[in-house]
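Remarks on the structure that follows.
Number of protein chains: 2
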Amino acid sequence: MNLKQLSETLGLSQTTVSRALNGYPEVKEETRERVQAAAAKHGYRPNSWAKGLATGRSMVIGHVIPSSSQHEMVNPIFGDFVAGAAKTYADHGYDMMFSNAEDTSIEKAYRNLFQRGAVDGVVLQGPKVNEPRIEVLTRMGVPFIVHGRSTGVTSPYDWIDVNNKRSFQRATQFLIDLGHRRIALINGLEDMDFAKRRRDGYLAALNEAGLEPIPSLMRSAEMTEVYGHHETRGMLQLDHPPTAILCSSMISAVGVRRALDEAGLRMGQDVSVIAHDDDLSYLKNGQDVPIFTATRSSVRMAGELAAEMLINRIQAPSEPVMTQLLEAELVVGRSTGPAPN
Amino acid sequence: MNLKQLSETLGLSQTTVSRALNGYPEVKEETRERVQAAAAKHGYRPNSWAKGLATGRSMVIGHVIPSSSQHEMVNPIFGDFVAGAAKTYADHGYDMMFSNAEDTSIEKAYRNLFQRGAVDGVVLQGPKVNEPRIEVLTRMGVPFIVHGRSTGVTSPYDWIDVNNKRSFQRATQFLIDLGHRRIALINGLEDMDFAKRRRDGYLAALNEAGLEPIPSLMRSAEMTEVYGHHETRGMLQLDHPPTAILCSSMISAVGVRRALDEAGLRMGQDVSVIAHDDDLSYLKNGQDVPIFTATRSSVRMAGELAAEMLINRIQAPSEPVMTQLLEAELVVGRSTGPAPN
DNA sequence: CAATGTTTTCAAAGCGCTTTGGATACTCGA
DNA sequence: TCGAGTATCCAAAGCGCTTTGAAAACATTG
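In order, the protein sequences belong to chains Y and S.
Numbering-wise (our numbering), the first sequence opens with residue 1 and increments by one.
Numbering-wise (our numbering), the second sequence opens with residue 1 and increments by one.
Below, the structure is given as structure tokens:
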């Protein structure tokens with residue numbers, strides 16, 4: 001059933017029915033109720049496409065997921081972030097659209113999305129250092145929000161991020177205070193902005209304590225379980241293995257633990273481990289006592305907040321830039337302890 | 001730039017330009033090239049909404065993600081499944097839309113999506129036993145595909161599923177052949193169809209071997225890491241603990257391993273473990289030698305295939321029902337071994 | 001060269017909605 | 001009772017595309 005039919009049923013004009021349904025004031029309250037009742041009865045839903053055409057707003061937010069032929073990795077935080085965002089979108093009447101694009105043609109994908117009028121705004125996930133996509137979107141003058149930030153991008157833009165530097169600085173400090181001197185960093189790909197900032201925090205803490213960074217203890221790659229295992233195993237075979245490991249992801253930390261177990265080392269005694277915990281729903285960090293000492297920040301909440309900010313931006317395109325820096329909490333679990341002598 | 005402007009630029013009618021761009025035959029090849037060149041030059045993209053309105057097809061596929069206030073769980077396979085599907089959609093010119101809906105109002109969400117004309121078809125994920133959504137969609141007469149199946153639903157419908165029963169039957173048999181008699185099952189929520197089928201397979205194998213199922217060794221809940229740990233820990237405290245554990249998810253299996261480690265038990269020697277492996281990109285089952293003996297089936301590939309099937313269905317609504325049953329492979333890793341005596 | 005057939009192009013209708021610019025009905029004070 | 005002001009409703013234009021039905025241009029044949 002469409003507007004025309006509904007209005008004929010009611011003996012009203014399309015104008016009036018449309019207005020009644022969209023809450024405009026120039027319609028008698030009694031009429032409005034009659035219209036709403038009829039709409040509910042016939043299950044009338046305005047056609048999205050016609051509405052989009054007429055209003056010029058799509059009420060859709062786009063997310064572009066990069067697919068690369070090389071690393072077929074799906075970011076494990078994807079699901080939780082999206083779940084958070086989706087809820088906020090739904091509350092505000094927005095739909096959520098995903099586009100897939102080759103790594104190389106992401107810019108084209110964004111351009112396409114907007115030129116087609118398919119979306120009112122986009123969320124940019126996983127920014128790299130000097131992220132070119134940010135400049136593209138800025139130049140296009142479209143509403144967008146970055147989940148994360150991008151070192152090196154000077155033009156202002158909306159973002160929401162965790163204070164990665166501070167949280168890793170604190171975590172490193174915590175280990176230093178426990179007497180650790182050989183602290184490893186198992187980090188994400190360091191062209192990713194978050195990974196760079198974490199390394200910066202790690203290095204800052206070492207520096208502050210007068211410790212020289214040890215290159216062989218700093219690893220960087222995509223954060224899978226296997227990667228955590230592989231690097232840990234490798235480092236344990238060094239002449240001077242680390243007494244503590246800082247790990248950028250809970251999933252990799254699982255691999256770290258596996259490597260320690262295989263080597264017969266006790267986590268929290270022989271080797272201390274701190275992980276970053278995105279508070280993923282399927283990988284909670286224990287129940288009462290945390291398994292890992294961790295820097296924790298809910299990525300789901302970040303999704304909710306990012307969505308909220310983007311919707312604000314869409315409604316007020318010329319407001320000054322909005323940013324939000326979340327602090328991760330340092331939760332102390334069983335995986336850390338004083339350095340062995 | 002829109003069609004009208006583009007056609008004026010070219011000195012052609014909108015009709016001709018539209019046809020040239022959409023590959024209709026009744027346009028001179030030379031003209032077509034001229035049009036395409038101009039379109040590319042001006043970065044013309046037909047407006048999605050206008051196109052949708054005019055054609056009646058939305059070129060969008062919907063996915064509804066249930067959000068429940070009780071269990072805030074995001075299915076960890078979500079990301080990989082979606083990544084697979086998104087790729088196929090993109091190849092066929094479809095977009096992908098997500099809607100969020102309360103557990104209780106999912107039916108309404110589907111109805112809404114179609115009545116608004118927002119989607120041409122939907123993917124139904126995570127079907128339960130006697131899944132009511134299937135009947136709803138069938139009655140609505142809309143294209144959809146189920147990832148999984150639903151025991152108890154008698155009307156025919158398109159689905160793609162892993163042979164869960166057989167794979168768990170084989171896995172159980174494998175353990176029995178190794179001499180295990182007390183085999184635990186750490187399963188998903190058993191109102192989920194996949195979990196029911198896995199239990200059926202497990203029970204069938206026990207039955208075939210003349211073994212009595214032991215209720216205290218059969219657990220069922222949402223498959224988190226913590227859950228795997230908790231149940232394993234509980235079962236190890238029984239008077240007669242299991243010598244082998246069958247686990248419905250790699251993530252829970254990580255928890256299982258943690259519990260075994262804590263108890264000082266060696267996986268594959270003291271206790272054997274088999275997990276179901278969805279081949280998630282961030283949680284690969286080892287590199288050369290698998291960590292876990294596992295029943296493996298790529299959920300990403302399932303996403304690709306599901307998308308393909310749905311697109312076929314959309315293009316041929318009245319074709320007979322299509323189904324696809326994937327066999328999981330049983331990969332043997334280090335986590336299984338002969339039963340201790 | 002006229003008649004016929006085939007290409008190639010176009011004007012205009014229509015998809016279902018919102019919104020502008022009036023029209024009509026109603027209210028109320030003078 | 002009249003006129004101004006307000007509340008309520010409506011006809012029609014327009015959003016940007018596809019597609020129908022017809023016209024124009026061109027090619028082919030007897």
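Yeah, the Cβ is synthetic: ideal placement off N, Cα and C, and Gly gets one too.
Length of the line joining the Cα atoms of residue i and residue j
{"i": "Y:Gly333", "j": "Y:Ile291", "result": "6 Å"}
{"i": "S:Ile145", "j": "S:Asp278", "result": "19 Å"}
{"i": "Y:Asp103", "j": "S:Pro241", "result": "50 Å"}
{"i": "Y:Gly62", "j": "Y:Ser99", "result": "7 Å"}
{"i": "Y:Arg19", "j": "Y:Pro25", "result": "8 Å"}
{"i": "S:Gly210", "j": "S:Ser167", "result": "19 Å"}
{"i": "Y:Glu190", "j": "Y:Ser249", "result": "14 Å"}
{"i": "Y:Asn207", "j": "S:Arg266", "result": "41 Å"}
{"i": "S:Met59", "j": "S:Asp95", "result": "6 Å"}
{"i": "Y:Pro143", "j": "Y:Leu137", "result": "8 Å"}
{"i": "S:Pro341", "j": "Y:Asp261", "result": "As written in the sequence, residue 341 of chain S is Asn, which differs from the Pro given in the question. Using only the alpha carbons, I get a separation of about 25 Å."}
{"i": "S:Ile314", "j": "S:Lys51", "result": "18 Å"}
{"i": "Y:Arg81", "j": "S:Glu30", "result": "Reading off the sequence shown, one finds Phe at residue 81 of chain Y, where the question assumed Arg. Cα to Cα, the separation comes out at about 49 Å."}
{"i": "S:Leu280", "j": "S:Arg111", "result": "32 Å"}
{"i": "Y:Asn130", "j": "S:Thr16", "result": "43 Å"}
{"i": "Y:Glu135", "j": "Y:Asn2", "result": "42 Å"}
{"i": "S:Gly23", "j": "S:Ala275", "result": "50 Å"}
{"i": "Y:Arg32", "j": "Y:Gly56", "result": "25 Å"}
{"i": "S:Ile186", "j": "Y:Ala263", "result": "28 Å"}
{"i": "S:Thr151", "j": "S:Val299", "result": "20 Å"}
{"i": "Y:Met223", "j": "Y:Arg197", "result": "16 Å"}
{"i": "Y:Gly268", "j": "Y:Arg257", "result": "10 Å"}
{"i": "Y:Met140", "j": "Y:Ala109", "result": "13 Å"}
{"i": "Y:Ser48", "j": "S:Leu12", "result": "30 Å"}
Cut-off 6 Å between Cβ atoms - residues of its own chain near residue i, not counting five sequence neighbours on either side
{"i": "Y:Val331", "result": "Pro290, Ala294 and Arg296"}
{"i": "Y:Glu327", "result": "Asn163"}
{"i": "Y:Ala184", "result": "Leu217, Met235, Pro242 and Ile245"}
{"i": "Y:Ile311", "result": "His92"}
Contact check, residue i vs residue j, beta carbons under 8 Å
{"i": "S:Asp158", "j": "S:Val321", "result": "yes"}
{"i": "Y:His229", "j": "Y:Ala259", "result": "yes"}
{"i": "S:Ala40", "j": "S:Leu21", "result": "no"}
{"i": "Y:Ala205", "j": "Y:Thr172", "result": "yes"}
{"i": "Y:Gly79", "j": "S:Val74", "result": "yes"}
{"i": "S:Ile176", "j": "Y:Ala83", "result": "no"}
{"i": "S:Gln287", "j": "S:Leu305", "result": "no"}
{"i": "S:Arg116", "j": "Y:Arg170", "result": "no"}
{"i": "Y:Met97", "j": "S:Met97", "result": "yes"}
Rounded distance between the beta-carbons of residue j and residue i, thought under 8 Å
{"i": "Y:Arg149", "j": "Y:Asp193", "result": "6 Å"}
{"i": "S:Val35", "j": "S:Leu10", "result": "6 Å"}
{"i": "S:Pro76", "j": "Y:Tyr282", "result": "4 Å"}
Chain-order list of residues whose beta-carbon lies under 8 Å from that of residue i (same chain, five-residue window excluded)
{"i": "Y:Leu178", "result": "Ala244, Ser272, Thr336, Gly337, Pro338 and Ala339"}
{"i": "Y:Ile106", "result": "Val64, Pro66 and Arg133"}
Residue i, buried or exposed, once every other Cβ within 10 Å from all chains shown has been counted against 16
{"i": "S:Leu53", "result": "buried"}
{"i": "S:Ala37", "result": "exposed"}
{"i": "S:His42", "result": "exposed"}
{"i": "Y:Ala307", "result": "buried"}
{"i": "S:Pro156", "result": "exposed"}
{"i": "Y:Asn285", "result": "buried"}
{"i": "S:Gly188", "result": "buried"}
{"i": "S:Gln5", "result": "exposed"}
{"i": "S:Glu231", "result": "buried"}
{"i": "S:Gln14", "result": "exposed"}
{"i": "S:Lys165", "result": "buried"}
{"i": "Y:Pro213", "result": "exposed"}
{"i": "Y:Gln125", "result": "buried"}
{"i": "S:Lys128", "result": "buried"}
{"i": "S:Glu319", "result": "exposed"}
{"i": "S:Arg219", "result": "buried"}
Residues of its chain near residue i, where Cβ-Cβ distance is below 7 Å and the 5 sequence neighbours each way are ignored
{"i": "Y:Ile113", "result": "At residue 113 of chain Y the sequence reads Leu, which differs from the Ile that was named. Around Y:Leu113: Gly62, Ser99, Val119 and Val122."}
{"i": "Y:Val238", "result": "A small correction: the amino acid at residue 238 of chain Y is Leu; Val does not occupy that position in the sequence shown. Contacts found: Ser216."}
{"i": "S:Tyr227", "result": "Ala221, Ser252 and Gly255"}
{"i": "Y:Arg233", "result": "Ala259"}
{"i": "Y:Asp200", "result": "Lys165"}
{"i": "Y:His180", "result": "Thr243, Ala244, Ser272 and Ala339"}
{"i": "S:Met301", "result": "Gly84"}
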